[in-house]
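Undergrad:
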Amino acid sequence: MIYSLFRWNLDVPSREKNPARGLAFDFLEEFENRQVSTGHAEGVITINIAEADDSVRAKNRQLLNEPYRTLLGHFRHEIGHYLWDLFFFDQRARNNFRMHFGDESADYQTSLNAYYQRAGKSEDWQQSHITEYATSHPWEDWAETWAHYVHMVDTLETFFSSASNYMQRINQNADLLFFDPYREPDFEKIISN
Numbered sequence: 782m783i784y785s786l787f788r789w790n791l792d793v794p795s796r797e798k799n800p801a802r803g804l805a806f807d808f809l810e811e812f813e814n815r816q817v818s819t820g821h822a823e824g825v826i827t828i829n830i831a832e833a834d835d836s837v838r839a840k841n842r843q844l845l846n847e848p849y850r851t852l853l854g855h856f857r858h859e860i861g862h863y864l865w866d867l868f869f870f871d872q873r874a875r876n877n878f879r880m881h882f883g884d885e886s887a888d889y890q891t892s893l894n895a896y897y898q899r900a901g902k903s904e905d906w907q908q909s910h911i912t913e914y915a916t917s918h919p920w921e922d923w924a925e926t927w928a929h930y931v932h933m934v935d936t937l938e939t940f941f942s943s944a945s946n947y948m949q950r951i952n953q954n955a956d957l958l959f960f961d962p963y964r965e966p967d968f969e970k971i972i973s974n
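Take any residue in the sequence shown, count from 1 to its spot, add 781: that is its number in my numbering.
Have a look at this one:
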């Protein structure tokens, strides 16, 4: 995920450079008297280290009805929350956000509670959202959309990097040698590749 931020030339300061809004990571373990939730708050992304355990993650994937739940997916998703604060800070950007994702001023906790009551029961979420969890609140819709976009770009870069080595050897499809999903402004080309 950090590599992706660099590839997009996104100016993401560290906590050291910007103590109030810089990016930092907390990898925390749960104890008897401390519950740890993966999430984002004011530049700090918290990851419950139990999510690195395949069996715990698989259990949570099923329990929370999140079929795409991965550790890297958490990073992508939570960076999306962090970037929301950077991208949508002025009213014009906020209005644009609302046109695509909805009104983020809806009470977040109420929205999450309602989502978890209906999770797994919604049959038509695919018509308007990238994941069922994205239906919970506009912030989650943005973070889920961002995470999937990064996943697609990373996958394409890996493919074209590998494919270009192969194509160079056999001198085929030279146009694809120069496809860089991190620099492609046309989302339709990203999807079609």
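All C-beta atoms in this analysis are idealised placements derived from N, C-alpha and C, irrespective of residue type, glycine included.
Which same chain residues end up closer than 6 Å to E810 when comparing Cβ atoms and leaving out the 5 residues on each side of it in sequence?
TA: Position 29 of the sequence shown holds residue 810. So the list reads I830, once near-sequence residues are dropped.
Undergrad: Please return the same chain residues whose Cβ sits closer than 8 Å to the Cβ of A887, not counting the five positions on each side in sequence.
TA: Reading the sequence shown from its first residue, position 106 is the one you call residue 887. Scanning its chain for C-beta atoms nearer than 8 Å, with the 5 sequence neighbours on each side dropped, one finds around A887 the residues H918, P919, in chain order.
Undergrad: Applying the 10 Å Cβ sphere with the 16-neighbour rule, what's the burial state of Y897?
TA: Taking the first residue of the sequence shown as 1, we reach residue 897 at position 116. So Y897 counts as exposed.
Undergrad: What's the C-alpha gap between L844 and T851?
TA: Here residue 844 is taken as the residue at index 63 of the sequence shown, counted from 1. Here residue 851 is taken as the residue at index 70 of the sequence shown, counted from 1. Distance between the alpha carbons of L844 and T851: 14 Å.
Undergrad: For L864 and R815, I'd like the C-alpha separation in whole angstroms.
TA: Position 83 of the sequence shown, counting from 1, holds the residue named residue 864. Position 34 of the sequence shown, counting from 1, holds the residue named residue 815. The straight-line gap from Cα to Cα measures roughly 28 Å.
Undergrad: Buried or exposed for R857, please, with buried defined as at least 16 other CB atoms from any protein chain shown within 10 angstroms of its CB.
TA: Along the sequence shown, read from residue 1 onward, the residue named residue 857 stands at position 76. Buried, by the Cβ-count rule.
Undergrad: Pairs of beta-carbons, one from the region 878 to 895 and one from the region 910 to 929, closer than 8 Å: are there three or more?
TA: yes
Undergrad: Provide the residue span of the alpha helix (DSSP H) that contains D866, from first to last.
TA: In the sequence shown, the residue the question calls residue 866 occupies position 85. Per DSSP, D866 belongs to the alpha helix (DSSP H) from 852 to 868.
Undergrad: Could you check what DSSP says for S795 in three-state terms: helix, strand or coil?
TA: The residue given as residue 795 occupies position 14 in the sequence shown. The answer is strand: DSSP assigns S795 an E or B state.
Undergrad: Run through the region 812 to 844 for me and flag every whole alpha helix (DSSP H) of 4 or more residues, listed as ranges in chain order.
TA: 835 to 844
Undergrad: Determine whether the beta carbon atoms of I911 and T891 lie at a separation below 8 Å.
TA: In the sequence shown, residue 911 corresponds to position 130, counting from 1. In the sequence shown, residue 891 corresponds to position 110, counting from 1. In this structure, T891 does not lie closer than 8 Å to I911 by Cβ.
Undergrad: Whose CA, out of K970, Y784, E913, S942, lies closest to the CA of Y849?
TA: Locating residue 849 in the sequence shown gives position 68, counting from the first residue. The candidate whose alpha carbon is nearest that of Y849 is E913.
Undergrad: What are the boundary residues of the alpha helix (DSSP H) that L893 is part of?
TA: Here residue 893 refers to the residue found at position 112 of the sequence shown. Its alpha helix (DSSP H) spans residues 889 to 899.
Undergrad: Taking 8 Å as the cut-off, decide whether the C-beta atoms of V837 and T827 are in contact.
TA: For the purposes of this step, residue 837 is taken as residue 56 along the sequence shown, with counting starting at 1. For the purposes of this step, residue 827 is taken as residue 46 along the sequence shown, with counting starting at 1. No, Cβ-Cβ distance for V837 and T827 is not below 8 Å.
Undergrad: List the endpoints of the continuous beta strand (DSSP E) containing L804.
TA: As a first step, residue 804 is located in the sequence shown; it is residue number 23 there, counting from the start. No beta strand (DSSP E) holds L804; DSSP gives it neither H nor E.
Undergrad: Can you list, in chain order, the residues of its chain whose CB lies under 7 Å from that of A915, leaving out five sequence neighbours each side?
TA: Walking along the sequence shown from the start, residue 915 turns up at place 134. The beta carbon of A915 sits closer than 7 Å to those of E921, D922, E925, T926, all from its chain and outside the five residues before and after it, given in chain order.
Undergrad: Check I971 in the structure and name its three-state DSSP category.
TA: Within the sequence shown, the letter at position 190 stands for residue 971. I971 falls in the helix class under three-state DSSP.
Undergrad: Whole angstroms is fine: what's the gap from F756's alpha carbon to V825's?
TA: Past the boundaries of the shown model lies residue 756; the chain is included only from 782 to 974, so the question cannot be answered.
Undergrad: Identify, in the order they occur along the chain, each residue of the same chain with its Cβ nearer than 8 Å to the Cβ of H855, setting aside the five sequence neighbours on each side.
TA: One-based indexing of the sequence shown puts residue 855 at position 74. Contacts found: T819, I828, E832.
Undergrad: Report buried or exposed for E859, applying the criterion of at least 16 other Cβ atoms within 10 angstroms of its Cβ.
TA: Position 78 of the sequence shown holds residue 859. Buried, because 16 or more other Cβ atoms sit within 10 Å of the Cβ of E859.
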